[in-house]
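Okay, structure first, notes after.
4 protein chains.
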Amino acid sequence: MEENYSVYRRRIYYYETDKMGIVHHSNYIRLFEEARLDMMNKIGINYKELEEVGIIIPVISVSCKYLIPLYFDDDVSVYSKVTKFNGIKMEVLYEIYKKDNESVCTIGQSGHCFLDKEMKPFRMNKLYPDLYKKLIKQVEH
Amino acid sequence: MEENYSVYRRRIYYYETDKMGIVHHSNYIRLFEEARLDMMNKIGINYKELEEVGIIIPVISVSCKYLIPLYFDDDVSVYSKVTKFNGIKMEVLYEIYKKDNESVCTIGQSGHCFLDKEMKPFRMNKLYPDLYKKLIKQVEH
Amino acid sequence: MEENYSVYRRRIYYYETDKMGIVHHSNYIRLFEEARLDMMNKIGINYKELEEVGIIIPVISVSCKYLIPLYFDDDVSVYSKVTKFNGIKMEVLYEIYKKDNESVCTIGQSGHCFLDKEMKPFRMNKLYPDLYKKLIKQVEH
Amino acid sequence: MEENYSVYRRRIYYYETDKMGIVHHSNYIRLFEEARLDMMNKIGINYKELEEVGIIIPVISVSCKYLIPLYFDDDVSVYSKVTKFNGIKMEVLYEIYKKDNESVCTIGQSGHCFLDKEMKPFRMNKLYPDLYKKLIKQVEH
Numbered sequence: 001m002e003e004n005y006s007v008y009r010r011r012i013y014y015y016e017t018d019k020m021g022i023v024h025h026s027n028y029i030r031l032f033e034e035a036r037l038d039m040m041n042k043i044g045i046n047y048k049e050l051e052e053v054g055i056i057i058p059v060i061s062v063s064c065k066y067l068i069p070l071y072f073d074d075d076v077s078v079y080s081k082v083t084k085f086n087g088i089k090m091e092v093l094y095e096i097y098k099k100d101n102e103s104v105c106t107i108g109q110s111g112h113c114f115l116d117k118e119m120k121p122f123r124m125n126k127l128y129p130d131l132y133k134k135l136i137k138q139v140e141h
Numbered sequence: 001m002e003e004n005y006s007v008y009r010r011r012i013y014y015y016e017t018d019k020m021g022i023v024h025h026s027n028y029i030r031l032f033e034e035a036r037l038d039m040m041n042k043i044g045i046n047y048k049e050l051e052e053v054g055i056i057i058p059v060i061s062v063s064c065k066y067l068i069p070l071y072f073d074d075d076v077s078v079y080s081k082v083t084k085f086n087g088i089k090m091e092v093l094y095e096i097y098k099k100d101n102e103s104v105c106t107i108g109q110s111g112h113c114f115l116d117k118e119m120k121p122f123r124m125n126k127l128y129p130d131l132y133k134k135l136i137k138q139v140e141h
Numbered sequence: 001m002e003e004n005y006s007v008y009r010r011r012i013y014y015y016e017t018d019k020m021g022i023v024h025h026s027n028y029i030r031l032f033e034e035a036r037l038d039m040m041n042k043i044g045i046n047y048k049e050l051e052e053v054g055i056i057i058p059v060i061s062v063s064c065k066y067l068i069p070l071y072f073d074d075d076v077s078v079y080s081k082v083t084k085f086n087g088i089k090m091e092v093l094y095e096i097y098k099k100d101n102e103s104v105c106t107i108g109q110s111g112h113c114f115l116d117k118e119m120k121p122f123r124m125n126k127l128y129p130d131l132y133k134k135l136i137k138q139v140e141h
Numbered sequence: 001m002e003e004n005y006s007v008y009r010r011r012i013y014y015y016e017t018d019k020m021g022i023v024h025h026s027n028y029i030r031l032f033e034e035a036r037l038d039m040m041n042k043i044g045i046n047y048k049e050l051e052e053v054g055i056i057i058p059v060i061s062v063s064c065k066y067l068i069p070l071y072f073d074d075d076v077s078v079y080s081k082v083t084k085f086n087g088i089k090m091e092v093l094y095e096i097y098k099k100d101n102e103s104v105c106t107i108g109q110s111g112h113c114f115l116d117k118e119m120k121p122f123r124m125n126k127l128y129p130d131l132y133k134k135l136i137k138q139v140e141h
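Chains A, B, C and D, in that order, give the protein sequences.
Under the numbering used here, residues 1 to 141 are what the first sequence spells out, in order.
Under the numbering used here, residues 1 to 141 are what the second sequence spells out, in order.
Under the numbering used here, residues 1 to 141 are what the third sequence spells out, in order.
Under the numbering used here, residues 1 to 141 are what the fourth sequence spells out, in order.
See below:
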């Protein structure tokens, strides 16, 4: 994995499995959310504080490819990074790996928009320049 | 089952199972919630409308005995009824049965309190006498 | 909606919402599963029986666009249909609508493969010709 | 808290909340499971390995009192310990605390039985004396 990914690591819980014996496919979407909020926290954006200020970041799209199943108690690392950001919309990419295994198990993506309390887009670079800078920094090279 | 129970029926979803091949024990608590809100609806109390008026009914306790496991695609009926109500607190009892089987599979109970927007108890019989009457009627004989 | 869609209808549960007040985006993926298994049932394929025979249909990809949020107690209809099938892989398309509203709220897609007990692909048209016919019929015009 | 409790700590995920803004009551039951399996791991019992040997520990009862709500991003510690064990059945007690707060937020309990592959009780002290010793040690003083 490239170094500009953020890494979020935990074990798979029992209740995340289904009768097929593997993690239910809907739970990867939740794991992405955990990784995304952890990644944002690490670049200085605490989502709880954002919501308190009146900013929400709803999910507008999600996609996932399940390549290798995850099992109960697997030690997984979710690599995530912001791949697009324009002040209004954001895209995040995810890759899940198991410990001691080089093969990628899952590849995912989520799309988001930034909305204010009235559920409307707002001028982030004007109203919240610090937030804007932290995010735009993620997609600059 | 006695006749003063409300009956809520549906099939078990695939994602409700875990790797043991049975419904995960946490999901019965969700099934109770479905049954409870359906039962309240049937006695004329729509929970969505209650919340719009500013009344919430948080869960303050829950208990469950798992006697016979539920499986994917099982056709289950959740019997529920209000067993206690005093204007401030409410208790609901649940029993889950499978189609064509007389044995009770699950027995549960939940405790609730009625709170206003400020998360405080309120005088329901004064402020919402209609709501009070509908609920007190459930526990009178 | 076109007529060759299968329709699955139910109300949104309270526990499907999150603190944003809307259905959590991971729960749409579960709703798709409910709709897919219901649709397969209607064309004569009971997934529980398939698993008993030794056939599983894991999800290999999923995608979803969230256009209009779903709320607690919304009366939703999930339209689904098989859009691709070649004896080994299958694709299903989903669209979610609210009652009395013509706008599509959610568009989704899931990809699946058919595997035997050893988690390997098998010749469905040879081994399970009835199953094959039921599915191929869905994508023929 | 007394010192013979095992402590499991993590933050509350966004998807664990509901539209009331607090953690949905069913999710505490899942948090108890995480804490229980972590506690068992710490006393030398890996649940994944148990299942591989053919031992399952289904939940036969659960109860929970919700005293103080948990919120998104709360840093919670789940204290758990085995309170009863007789070779066939086990009881586990749980208490949830928030960081920097002495008040207990949640008190829970779960009952379990040990079953073999045929879903039948077995003589653990004869068949798995090491497992028996690890568990009986928890309830001896």
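For every residue, glycine included, the Cβ atom is placed at its ideal position computed from N, Cα and C.
Backbone CA spacing between residue i and residue j [nearest angstrom]
i	j	result
residue 92 (chain B)	residue 81 (chain B)	6 Å
residue 129 (chain B)	residue 42 (chain B)	18 Å
residue 87 (chain B)	residue 33 (chain D)	34 Å
residue 94 (chain A)	residue 16 (chain D)	21 Å
residue 127 (chain A)	residue 119 (chain B)	33 Å
residue 48 (chain A)	residue 71 (chain D)	10 Å
residue 52 (chain C)	residue 46 (chain C)	10 Å
residue 69 (chain B)	residue 37 (chain C)	21 Å
residue 73 (chain A)	residue 44 (chain B)	46 Å
residue 56 (chain B)	residue 26 (chain C)	25 Å
residue 96 (chain D)	residue 104 (chain D)	6 Å
residue 58 (chain A)	residue 4 (chain A)	24 Å
residue 125 (chain B)	residue 135 (chain B)	10 Å
residue 18 (chain C)	residue 19 (chain D)	5 Å
residue 7 (chain A)	residue 102 (chain D)	32 Å
residue 39 (chain D)	residue 98 (chain A)	23 Å
residue 111 (chain A)	residue 100 (chain D)	36 Å
Test item: CB-CB of residue i and residue j under 8 Å
i	j	result
residue 30 (chain B)	residue 76 (chain B)	no
residue 106 (chain C)	residue 50 (chain C)	no
residue 116 (chain B)	residue 54 (chain B)	yes
residue 63 (chain D)	residue 62 (chain B)	yes
Partner residues on chain D for residue i, Cβ-Cβ distance less than 9 Å
i	result
residue 52 (chain A)	Those within 9 Å of residue 52 (chain A) in chain D number zero; the least Cβ separation is about 11 Å.
Reduced DSSP category for residue i - H, G, I as helix; E, B as strand; rest coil
i	result
residue 70 (chain B)	coil
residue 95 (chain C)	strand
residue 39 (chain A)	helix
residue 32 (chain C)	helix
residue 20 (chain C)	coil
residue 90 (chain C)	strand
residue 100 (chain B)	coil
residue 136 (chain C)	helix
residue 165 (chain B)	Since the first residue of chain B shown is 1 and the last is 141, residue 165 (chain B) is not available in this structure.
residue 8 (chain A)	strand
residue 126 (chain B)	helix
residue 79 (chain B)	strand
Of the listed residues the options, nearest to residue i (C-alpha basis)
i	options	result
residue 109 (chain D)	D:52, D:135, D:21, D:79	D:79
residue 12 (chain B)	B:28, B:19, B:5, B:6	B:28
residue 65 (chain B)	D:84, D:127, D:60	D:60
residue 113 (chain C)	C:96, C:98, C:24, C:132	C:132
residue 83 (chain B)	B:139, B:124, B:89	B:139
residue 137 (chain A)	A:85, A:6, A:39, A:35	A:85
residue 122 (chain C)	C:101, C:89, C:134	C:89
residue 35 (chain B)	C:24, C:39, C:14, C:125	C:14
Listed by chain order, chain B residues near residue i by CB distance under 7 Å
i	result
residue 59 (chain D)	25, 66
residue 15 (chain A)	18, 24, 26
Contacts of residue i in chain D (Cβ-Cβ under 7 Å)
i	result
residue 29 (chain B)	25, 26, 29
residue 55 (chain B)	Per Cβ cutoff of 7 Å: no residues; residue 55 (chain B) is ~12 Å from chain D at best.
Where residue i meets chain D, residues with beta-carbon distance less than 8 Å
i	result
residue 63 (chain B)	61, 62, 63, 64
residue 33 (chain A)	13, 14, 15
Partner residues on chain B for residue i, Cβ-Cβ distance less than 9 Å
i	result
residue 21 (chain A)	19, 21
Contact set between residue i and chain C, taken where Cβ atoms lie within less than 7 Å
i	result
residue 72 (chain B)	48
Chain A contact residues for residue i, given Cβ-Cβ distances below 9 Å
i	result
residue 5 (chain B)	Correct list: empty, because the minimum Cβ distance to chain A is about 29 Å.
is_contact[residue i, chain G] using C-beta, thresh 8 Å
i	result
residue 132 (chain B)	Absent from the structure is chain G; the protein chains it does hold are A, B, C and D.
Partner residues on chain C for residue i, Cβ-Cβ distance less than 9 Å
i	result
residue 115 (chain B)	Near residue 115 (chain B) there are no residues of chain C at all, since even the closest Cβ is about 16 Å away, more than 9 Å.
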